[in-house]
Every structure is written in C-alpha cells, then in structure tokens.
Amino acid sequence: MPPETCPNCGADVPRHARACPECGADERTGWSDRTDADGLDLPDGEFNYDEFVEKEFGRSPKPTGLPWFWWVVAIAALLAFLALFVFRR
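With numbering that gives the first Met the number 0, the residue at position 32 of the sequence shown is 31, and numbering never jumps.
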C-alpha cells in the first residue's frame with residue numbers, strides 16, 4: 000500500500016497507485032530520476048555547508064583548554080605506575 004503523500008515530491012498518491020503520479024517514485028525502484036523536489040525545502044546546488052554551520056551556530060573560538068595539564072597528569076600517572084612496579088618487589 001503506497002503512502003498518502005509521496006516521500007519524494009510531496010504529491011498526493013491515490014490509494015491503490017503503484018507509483019507516484021507526479022515523479023514516478025515507487026517501492027520497487029526507489030527515487031525517480033525525474034524528481035521535482037521544489038516542495039521539500041532542500042538547499043540549492045550552491046549550498047555552502049560551512050556558511051550554514053556558522054549561520055546556525057555562530058562562530059565560536061576553539062576551546063583552548065589546558066593541554067599541558069593533561070601531559071602533567073599522564074607523566075604523574077606513569078611515574079606512579081613505575082613506582083608501584085619497582086617498589087612492589
């Protein structure tokens with residue numbers, strides 16, 4: 000049984016239709032090459048993803064964090080592990 004509206008073009012699909020009367024999409028063949036996707040609000044061919052992300056989320060600086068802190072933690076953990084290994088004997 001077909002959907003009430005075509006997931007490809009948004010046209011109304013009759014109840015017992017085997018394919019969308021507008022774009023030709025059907026269950027067996029999938030998306031039609033003759034798709035008319037004007038009603039789907041898709042970006043045009045000149046879509047710039049980086050510009051979209053900056054518009055939606057703003058431009059924020061990269062988090063600086065404390066990378067030296069993690070080096071100190073790693074070295075301290077390594078020294079503690081070595082001390083346990085050496086003094087355990």
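Heads up, the beta-carbon is just placed ideally off N, CA and C, and yes, glycines get one too. Computed from a predicted structure; not experimentally measured.
Separation of residue j from residue i, as counted between CA atoms
i: residue 18; j: residue 27; result: 9 Å
i: residue 9; j: residue 25; result: 13 Å
i: residue 23; j: residue 70; result: 60 Å
i: residue 79; j: residue 65; result: 21 Å
Any non-hydrogen atom of the ligand PLP within 7 Å of residue i CB
i: residue 81; result: Looking at this structure, you won't find the ligand PLP or any other ligand, since it has none at all.
Where the alpha helix (DSSP H) through residue i begins and ends
i: residue 46; result: Neither: residue 46 is in no alpha helix (DSSP H) and is coded neither H nor E.
8 Å CB neighbourhood of residue i in its chain, flanking five on each side removed
i: residue 49; result: none
Chain-order list of residues whose beta-carbon lies under 6 Å from that of residue i (same chain, five-residue window excluded)
i: residue 3; result: none
i: residue 86; result: none
Close beta carbons around residue i, own chain, < 7 Å, minus the five adjacent residues each side
i: residue 5; result: 12, 19, 21, 22 and 24
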